[in-house]
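Numbering (my numbering), first residue to last: 190 to 1073.
Note that beta-carbon positions come from the ideal geometry of N, C-alpha and C, so glycine has one too.
Structure record follows, encoded as structure tokens.
In structure tokens, the structure reads:
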């Protein structure tokens, strides 16, 4: 009887398990989401005829993977839904790839459109459901795609403007008969623009287009305006702002902004009819909005007496319309914008008010940010000016607020109506807002700050048991987001607004670890390629509007950013596209070597200085020739090493071997020239002088231990345990310390509250990172954000694998720090979310890992073991031992 009961119970248990497994299997079928074409979500107009497709997958089952995929592409959504893949049917492709799959169907051309979906087969051979559909379009690829009558149009600007420019309105009325075809508006503006059809904005994006190198290229932004049109008469209005297209910049024609636009009715097969184009039949008017200032950091001026209240046709009738002028613009490449537009992402209200005088108040917005300001203005006396000043900090008290006229906005009253002042074609960077000229304090509800960034997707999260470390991370994370607008990354968003290569080189590992920003890097690297001179020389900023300071680390950006984009996003195309530019720059640098070492190469009209490290703490001599020389020759060594890797990936084996040899030879010269064997030190013995040679492999293995000992002795005895580097040194020490598992030492340096350090910034009111450790000049800056990758790659241990980039294979090597009890890290990858959570438990550490479908990982535990992990959720317990 007992045996029978046991058998019955066992049978019931087996049945329950089988049922559970069956339900789990049914619920774990792969689902597909986040479809992208050219790393963009359903782009209206891409710049090529060979689109690449990507998607993500999800399963609730551990170990889920794929064995095949099928993509179908049709010329209409109707055909796609009918499985009529008239453009391309890939068939079942035996592959587990899911990013950057190249289109291989019927030839596409300008104005082609495709609708696509994908399904996959899992590792047991079962197909998933088809994904939801996504779409893409091909933009205008050649000058011949523009109507022969389309011109760049402008308005007659006042001759004696005193740096005051009109923000013109351009309009065109046209007749339209609806049918089932799409209507696309292509806008190619030199300066910013907004477009309206029958008074309705065609997009919520702001500050379009992204930046470009105006000596060579302008960008086209395409909008689908089909649903905004009506039968009969319609009105198209384009409001233009000078933006970057200011006469003070290289390659700019005075008298702008200028706009070229074309409205196309497009059939499914790509055939089209031009409904309107910018020509001499358009009209121009003064909008009542102006730009005032000597360069692109200008302020905006609104004259309430002439400012339009809206863009409706009936409202615009009252304006004084005039004939447009044709802009005498030199021939430029016109390319479709291939990065996301800018978008609002956060709002702020004043948290405190300070009265300075009866007509002057300062409003504290509570946080530093970059974006627009909106102020509900009361009735202001006709002709009276209200000045609006912006500041990221003041020295001691509100009265110390600096009235910086070059950034100030102006509102001129009309004596009749309340009105909203708002930025439209210029962003501001500030925390404190001074309004001068109003005889009353405004309520907090009357003022709004709206933060702007490029609309890239993907995000990251970090938290640990140490609130100081959390605060440093959060400051970096917010700063990066604030500085990445307009399809590039600025140094400071108020004073210079330039895409410095040094700042970009320093912060790229941080930015690309925290966010999915591949399209932004394509746009920015395009500007770098366009900025290169015939000699192979690179400027220090891109776009390159003025002569700006820097050094080889700034120029090297085109090499390092291309490689980092490959590592983080798994796309070879940036390396392929810019490889010739990299080679030319390497050649230029080599022509400026003496006895095999890089030396000061002189200044030009487009770049100056010859920096090593920059913005170092007080007491560190960044001008020391020995330090400059060792830093810049380590830059060359890093470039050689990276070029060898790039060439290897691109299948250029001879180049790869050549650059490897040059890297080895250069390293030998670095060590021979700059190493002091008696002191076990390089050059001046600063942190960067010691770490950079070790980072690039110039230090022989037999000397590494002694050089490290010198490093930590100097750090403790000379720098009192502080991080003591500048813009160049911060990312180099971060990447070296991550690679060599020096998390304990990095933690100790980050925890210093005295000057210099991140906690010193935070303790002195920082919300975003500063330009200088001592707080001089700018409190919203990109100098010291190179530390940001450390939180994810060292404490979280998440790093991409060079052999399987884009996080196809993930190396996970969490570094355990004595004073940290737990860490939670997650980030989006091209395949999905990866997360690592660890927590100490007695002598053990418990590690929980999530791997997205499509990826696999190797977990290197603190006790020296390695564990292969498929997709899904995994828990590991191990001994808490560390290399540190």
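Work out the CA separation of residue 251 and residue 213 for me, nearest whole Å.
Residue confidence is low: residue 213 scores 38 on pLDDT, short of 50, so the model does not pin down where it sits. No coordinate-derived value is stated.
In the DSSP assignment, find the unbroken beta strand (DSSP E) run with residue 477 in it and report its ends.
Looking at the DSSP string, the run of the beta strand (DSSP E) that includes residue 477 is 472 to 481.
If we count the other Cβ atoms within 10 Å of its Cβ and call it buried at 16 or more, is residue 363 buried or exposed?
exposed
Could you spell out the range, first to last residue, of the alpha helix (DSSP H) harbouring residue 821?
814 to 838
Is it buried or exposed, residue 266, if we count other Cβ atoms within 10 angstroms and call 16 or more buried?
exposed
By how many angstroms is the C-alpha of residue 404 removed from the C-alpha of residue 441?
7 Å
Going by DSSP, which residues form a beta bridge with residue 235?
Residue pairing for residue 235: DSSP places it in a beta bridge opposite 327.
Going by DSSP, which residues form a beta bridge with residue 451?
375 and 466
Helix or strand or just coil, what does DSSP make of residue 678?
coil
Apart from the five residues on each side of it in sequence, which residues of its chain come closer than 8 Å, Cβ to Cβ, to residue 210?
Legend: pLDDT at residue 210 = 37, less than 50; position of this residue unreliable, value from coordinates given subsequently. Taken in chain order, the list of residues that qualify is empty.
Just mark residue 792 as buried or exposed, buried being the case when its beta carbon has 16 or more other beta carbons within 10 Å.
exposed
Can you give me the start and stop residues for the alpha helix (DSSP H) that residue 763 sits inside?
762 to 780
Just the C-alpha distance for residue 617 and residue 1018, rounded to the nearest angstrom, thanks.
31 Å
Could you check what DSSP says for residue 907 in three-state terms: helix, strand or coil?
coil
Determine the extent of the beta strand (DSSP E) in which residue 928 is found, giving its start and end residues.
Taken as a continuous stretch (DSSP letters only), residue 928 belongs to no beta strand (DSSP E), being part of the alpha helix (DSSP H) at 918 to 928.
Taking residue 503 as part of the beta strand (DSSP E), name the residues at either end of that continuous run.
Element bounds for residue 503: not the beta strand (DSSP E) but the alpha helix (DSSP H), 502 to 505.
Return the bridge partner residues of residue 639 from the DSSP annotation.
536 and 561
Could you tell me whether the Cβ atoms of residue 756 and residue 920 are closer together than 8 Å?
no
Can you find at least 3 beta carbon pairs, one from the segment 1002 to 1010 and one from the segment 929 to 944, that sit closer than 8 Å?
yes
Given residue 631, which residues of its chain have a CB within under 6 Å of its CB, disregarding the five upstream and five downstream residues?
none
What are the complete alpha helix (DSSP H) segments, minimum 4 residues, inside the segment 679 to 721?
690 to 703 and 707 to 720
Are there 16 or more other CB atoms within 10 angstroms of the CB of residue 707, so buried, or fewer, so exposed?
So residue 707 ends up on the buried side.
Using a threshold of 8 Å, state whether the C-beta atoms of residue 945 and residue 911 are closer than that.
yes
So, do the segment 981 to 998 and the segment 1037 to 1050 have three or more beta carbon pairs nearer to each other than 8 Å?
yes
Is it the case that the Cβ atoms of residue 561 and residue 612 are separated by a distance below 8 Å?
yes
Compare the beta carbon distance of residue 1131 and residue 688 with 8 Å and say whether it is the shorter of the two.
Absent from the model: residue 1131. The displayed extent of the chain is 190 to 1073, so no value can be given.
Residues in its own chain within less than 7 Å of residue 547 by CB, not counting five upstream and five downstream?
628
Are there 16 or more other CB atoms within 10 angstroms of the CB of residue 780, so buried, or fewer, so exposed?
exposed
Taking the C-alpha atoms as reference points, what is the distance between residue 809 and residue 898?
20 Å
Run through the DSSP bridge pairs and tell me what residue 796 is partnered with.
737
Decide if residue 159 is buried, meaning its Cβ has at least 16 other Cβ atoms within 10 Å, or exposed.
Missing from the structure shown is residue 159; the chain here goes from 190 to 1073 and no further.
Give a yes or no on contact between the segment 425 to 438 and the segment 379 to 393, applying the rule of three or more CB pairs nearer than 8 Å.
yes
How many Å lie between residue 325 and residue 817 at the Cα?
48 Å
For residue 846, does the count of other Cβ atoms within 10 angstroms reach 16, so buried, or fall short, so exposed?
exposed
Residues in its own chain within less than 8 Å of residue 409 by CB, not counting five upstream and five downstream?
234, 328, 329, 375, 376, 377, 398, 523, 524, 525 and 526
Using three-state DSSP, classify residue 487 as helix, strand or coil.
coil
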